[in-house]
Amino acid sequence: MTVRSDSGIRCYTVRHDGVSIPVSRDGRGRPLVLCPGLNCTQADLYELVSLLRRDHDVVTFDLRGHGLASPAERYSFDAFLGDLVAVLADLDLPSSPVLVGYSLGADLAVHYAAACPGTIAGLVLIDGANPLPEPFLTDADLTEFRAIAEAEAARHGSLTAEDIFGLGKEMDVVRGGILDRYQKIDLPVHAIMSTAIAGDSLEGRAPRHNRLWRAGVERLMHEQPHISADWIDADHRLVFTHAPDVAEIIRSRLAPC
1 MTVRSDSGIR CYTVRHDGVS IPVSRDGRGR PLVLCPGLNC TQADLYELVS
51 LLRRDHDVVT FDLRGHGLAS PAERYSFDAF LGDLVAVLAD LDLPSSPVLV
101 GYSLGADLAV HYAAACPGTI AGLVLIDGAN PLPEPFLTDA DLTEFRAIAE
151 AEAARHGSLT AEDIFGLGKE MDVVRGGILD RYQKIDLPVH AIMSTAIAGD
201 SLEGRAPRHN RLWRAGVERL MHEQPHISAD WIDADHRLVF THAPDVAEII
251 RSRLAPC
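89 is the number that UniProt numbering gives to position 89 of the sequence shown; each next residue is one higher, with no gaps.
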């Protein structure tokens with residue numbers, strides 16, 4: 001059942017794989033589906049969503065175990081991809097949407113586009129889906145990453161630290177093979193990337209991770225020269241700290257889609 005919030009946003013639930021996925025839709029114009037990332041909810045993306053709804057019919061949702069979505073028995077890349085597939089299959093849109101993904105959501109968007117040709121009009125990938133030349137997480141990073149996972153688990157509640165830790169390691173594997181997925185996509189694709197995904201520290205993991213991130217994007221654009229990219233001088237929080245910039249780039253790049 002679809003209900004309208006006090007602000008006029010249409011809200012409903014998609015049930016899939018034993019999980020209840022809350023979906024919201026509002027705005028007018030070209031259809032756009034926004035997929036959040038790991039440890040990110042549609043509520044977290046409120047500013048970006050509000051900006052995009054000025055001239056787009058925006059659909060967004062929470063992945064399993066996030067925000068208002070119900071917990072699940074399993075958390076994996078394929079399980080999250082199933083959530084995205086279920087949401088898109090349930091939509092009744094006047095035309096094919098542009099699919100915008102943030103972080104893990106960008107990787108989900110690429111995998112969906114590769115597996116379901118002809119269903120979307122284009123991709124915008126925000127700080128994700130990066131074909132890294134080597135894994136992000138080395139043995140030297142594991143202690144710090146486990147601490148980050150524990151902090152995120154305490155903030156979100158449904159996913160445990162082990163869930164988040166395991167998903168982080170799985171994403172290295174996913175991104176190691178993502179170029180194969182790009183080769184199956186015949187769509188306009190634009191990337192919006194942070195210049196310093198791990199922050200601007202000159203110590204610890206940040207310098208290596210920032211170099212890897214840029215090297216991955218350069219690799220992508222060498223292998224897929226039709227893909228364009230914009231850089232924002234920010235860390236991985238760019239969707240929160242630079243939402244107006246991200247929204248303006250999305251608007252300016254959607255014309256070819």
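Using N, Cα and C, we set each Cβ at its ideal position, and we do this for glycine too.
Only a predicted model underlies this, so the values are computations on that prediction, with no experimental measurement involved.
Buried is the label assigned to residue 32, since at least 16 other Cβ atoms lie within 10 Å of its Cβ. In this structure, residue 118 sits away from residue 108, with a CB-CB distance that is not shorter than 7 Å.
For residue 57, the pairing in a beta bridge is given by DSSP as 27 and 31. Listed in chain order, the beta strand (DSSP E) elements of length 3 or more contained wholly in the stretch 174-246 are 189-194 and 228-232. The beta carbon of residue 189 is closer than 6 Å to those of 123 and 227 in its chain, skipping five residues each way along the sequence. In the DSSP assignment, residue 119 falls outside any alpha helix (DSSP H), carrying neither H nor E.
The count of Cβ pairs closer than 8 Å, one atom from the stretch 42-59 and one from the stretch 231-250, reaches three, so the stretches are in contact. Following the DSSP letters along the chain, one finds residue 16 inside the beta strand (DSSP E) bounded by residues 10-16. The beta carbon of residue 15 sits closer than 7 Å to none of the beta carbons in its chain outside the five residues before and after it. Membership of residue 48 in the alpha helix (DSSP H) is indicated by the continuous run 46-52. Spatial neighbours of residue 212 in its own chain (CB-CB distance under 8 Å, excluding positions within 5 residues in sequence) are listed in chain order as 132, 133, 134 and 136.
Under DSSP, residue 98 shares a beta bridge with 32 and 122.
For residue 209, the closest alpha carbon among the candidates 229, 235, 185 and 230 is that of 235.
Per the Cβ contact rule, the stretch 191-201 is not in contact with the stretch 158-169 (fewer than 3 Cβ pairs under 8 Å). At the C-beta level, residue 140 and residue 150 stay beyond 7 Å of one another.
Counting every other CB atom within 10 Å of its CB across the protein chains shown gives residue 89 a total below 16, marking it as exposed.
DSSP, reduced to helix, strand and coil, places residue 158 outside both helices and strands of the structure shown, so it counts as coil. The C-beta separation of residue 21 from residue 72 comes to about 10 Å, leaving the pair out of contact by the 8 Å criterion. For the pair residue 110 and residue 181, the CB atoms are nearer than the 7 Å cut-off.
In the three-state reduction of the DSSP assignment, residue 103 falls in the coil class.
Counting the other Cβ atoms within 10 Å of the Cβ of residue 217 gives 16 or more, which makes it buried. Residue 97 holds the alpha-carbon nearest to the alpha-carbon of residue 29 among 38, 97 and 18. The secondary-structure analysis by DSSP pairs residue 164 with nothing; it has no beta-bridge partner. Judged by beta-carbon spacing, residue 158 lies beyond the 7 Å limit of residue 128, meaning their Cβ atoms are not closer than that value. In this structure, DSSP gives residue 70 a state outside helix and strand, which the three-state scheme calls coil. In this structure residue 177 is exposed. Its beta-carbon is surrounded by fewer than 16 other beta-carbon atoms within 10 angstroms.
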